[in-house]
Ligand SMILES: Nc1ncnc2c1ncn2[C@@H]1O[C@H](COP(=O)(O)OP(=O)(O)OP(=O)(O)O)[C@@H](O)[C@H]1O
Ligand SMILES: [Mg+2]
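Residue numbers (the working numbering): 717 to 1224.
Here's what the structure looks like:
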């Protein structure tokens, strides 16, 4: 289990950290070797991001030491860590949406020109440099446009481009692929392999097990803030990895209840879209979903899945076609109208669209239900607590208490709380946009089972996911989108390959 005589570039040992009395890291170690990709693995809330924050000077640990090239160091800030050659892409994109792409890449270290080499930022050089860096992650975009004008996936690639543009020895990527599609992930992996061959040590956090094996040389597993072990990736198979993360075996995936093979097509549609579209956003399409039915929406990023969800939920106004609920035409002027009809949407971008970081887990979970009940009827504190406690238990949300500010939960646990918020409204139709992003293997399975249980009890569900294995497992029917138009509809029991084929048909 040791490193075959290689010397580590960075070594952390005995790391301990408490937050408000909770021991979040306990005697944790991590050794990074040059020219290796190291997967840091563990369930939601295991302590991965916290360890990374220690490593990058964001938080100060209570105990432990850090050796860089054999010498003791303690970066006191992310900037100090960067100067030591440790660069990071955090779990939540932490760039400035109101700056241009190029500004985001070079913020704090602009190429300058002029007599004094210090007065004027050389914008031509900034833009040229930004384009070069982006080319390394396979992006060819207008670097002078605001970062916020691009989708999250592009923003994430920009964050990665910024990190690799910094001369560094250690590159840390905390769930960099959670909003990338397959092609983009492949591009990123090519970049990582190149950096590895240049001798960089890469730390990689992900909840996609196949990605771990595609790119990692070594694996460290954390469980409940404690170090479980370090292995060469070749020596730790996926089942053993899951067992190390969970401290137990995961029930076989195939044992999970599959969606009913077919759905009674004579049941009238709860929601029906007829030629619904929005110019420039979505080509007119037909769609229907019945009570008790799970409709999968498959397609690549940017294929129009999120746009369709927003149209159905009244966040965007369609300029074509009609929307019907129980056979009657409706016009949603805002989400409030959709909510009044029993619709709910759990959005893709939880940080900006969902989480209220300062509010407690209880308040965050109760929010949508309270909004639905209106201002005259308040949920009592006790009712809110009961509701939150139930979902914390049902979805396995890891939190000190329901009164903890949600911003203090790990990324995956915040996501679970968002799902709970919408489940709590007991909608007739629930639209879930990438609900399992950032969620660990065990919790993914729990969420899929929960969806099937709810459908069985009569809820209609529209399920959007980039993970085709999930879509084919949970959906009674799959609508495939490509380039903002519907390109087909597939029945339950369709293979992943068949869905991919339809998605990719155009390129064939
Ligand atoms: N500032 C803080 N105050 C209190 N608790 C915190 C704080 N930061 C993290 N925690 C807690 O530490 C634990 C570990 O969180 P961390 O974000 O490191 O998990 P993670 O392994 O990255 O999980 P995920 O896979 O969900 O991202 C969580 O229970 C979290 O609630
Ligand atoms: Mg994390």
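For glycine and all other residues, C-beta sits at the position ideal for the given N, C-alpha and C.
Which residue marks the beginning of the beta strand (DSSP E) containing residue i, and which one marks its end?
| i | result |
| --- | --- |
| residue 1196 | 1193 to 1198 |
| residue 1045 | 1044 to 1046 |
| residue 927 | Taken as a continuous stretch (DSSP letters only), residue 927 belongs to no beta strand (DSSP E), being part of the alpha helix (DSSP H) at 925 to 931. |
| residue 921 | 917 to 921 |
| residue 1138 | Run containing residue 1138: none in the beta strand (DSSP E); it sits in the alpha helix (DSSP H), 1127 to 1140. |
| residue 729 | 726 to 735 |
| residue 1204 | 1201 to 1207 |
| residue 1175 | No beta strand (DSSP E) holds residue 1175; DSSP gives it neither H nor E. |
| residue 954 | Segment 954 to 962 is the alpha helix (DSSP H) holding residue 954; no beta strand (DSSP E) there. |
| residue 989 | 985 to 994 |
Would you kindly check if the distance between the Cβ of residue j and the Cβ of residue i is under 8 Å?
| i | j | result |
| --- | --- | --- |
| residue 1001 | residue 792 | no |
| residue 1155 | residue 923 | yes |
| residue 783 | residue 863 | no |
| residue 886 | residue 770 | no |
| residue 992 | residue 1051 | no |
| residue 1058 | residue 984 | no |
| residue 869 | residue 897 | yes |
| residue 1020 | residue 1219 | no |
| residue 1017 | residue 1182 | yes |
| residue 987 | residue 1206 | no |
| residue 1104 | residue 1135 | no |
| residue 933 | residue 752 | yes |
| residue 1060 | residue 1113 | no |
| residue 953 | residue 1176 | no |
| residue 738 | residue 768 | no |
| residue 1123 | residue 1074 | yes |
| residue 938 | residue 918 | no |
Buried or exposed: where does residue i fall if 16 or more other Cβ atoms within 10 Å of its Cβ makes it buried?
| i | result |
| --- | --- |
| residue 1172 | exposed |
| residue 763 | buried |
| residue 843 | buried |
| residue 971 | Unreliable positioning characterises residue 971 in this predicted model, as indicated by a pLDDT of 43, which lies under 50. The coordinate reading is nonetheless provided below. Result: exposed. |
| residue 945 | exposed |
| residue 807 | buried |
| residue 1072 | exposed |
| residue 883 | exposed |
| residue 980 | exposed |
| residue 1030 | buried |
| residue 824 | exposed |
What span of residues does the alpha helix (DSSP H) with residue i cover, start to end?
| i | result |
| --- | --- |
| residue 1108 | 1097 to 1110 |
| residue 878 | 868 to 881 |
| residue 845 | 839 to 852 |
| residue 1225 | The chain is shown only over 717 to 1224; residue 1225 falls outside these bounds and no answer can be derived. |
| residue 1219 | 1212 to 1220 |
With ligand 2 as the reference, list in chain order each residue whose Cβ lies under 7 Å from any of its heavy atoms. 764, 765, 807, 890, 891, 921, 1126, 1127, 1128
If we count Cβ pairs, one from each stretch, closer than 8 Å, do we get three or more for the segment 747 to 764 versus the segment 795 to 803? no
Are the segment 730 to 745 and the segment 904 to 913 touching, with three or more C-beta to C-beta distances below 8 Å? no
With three or more C-beta pairs closer than 8 Å as the rule, is the segment 1189 to 1203 touching the segment 989 to 1007? yes
Is the segment 952 to 963 in contact with the segment 767 to 776, if contact means three or more CB pairs nearer than 8 Å? no
Is the segment 873 to 893 touching the segment 807 to 822, taking contact as three or more C-beta pairs under 8 Å? yes
Counting beta carbon pairs with one atom in the segment 1146 to 1154 and one in the segment 1131 to 1138, are three or more of them shorter than 8 Å? yes
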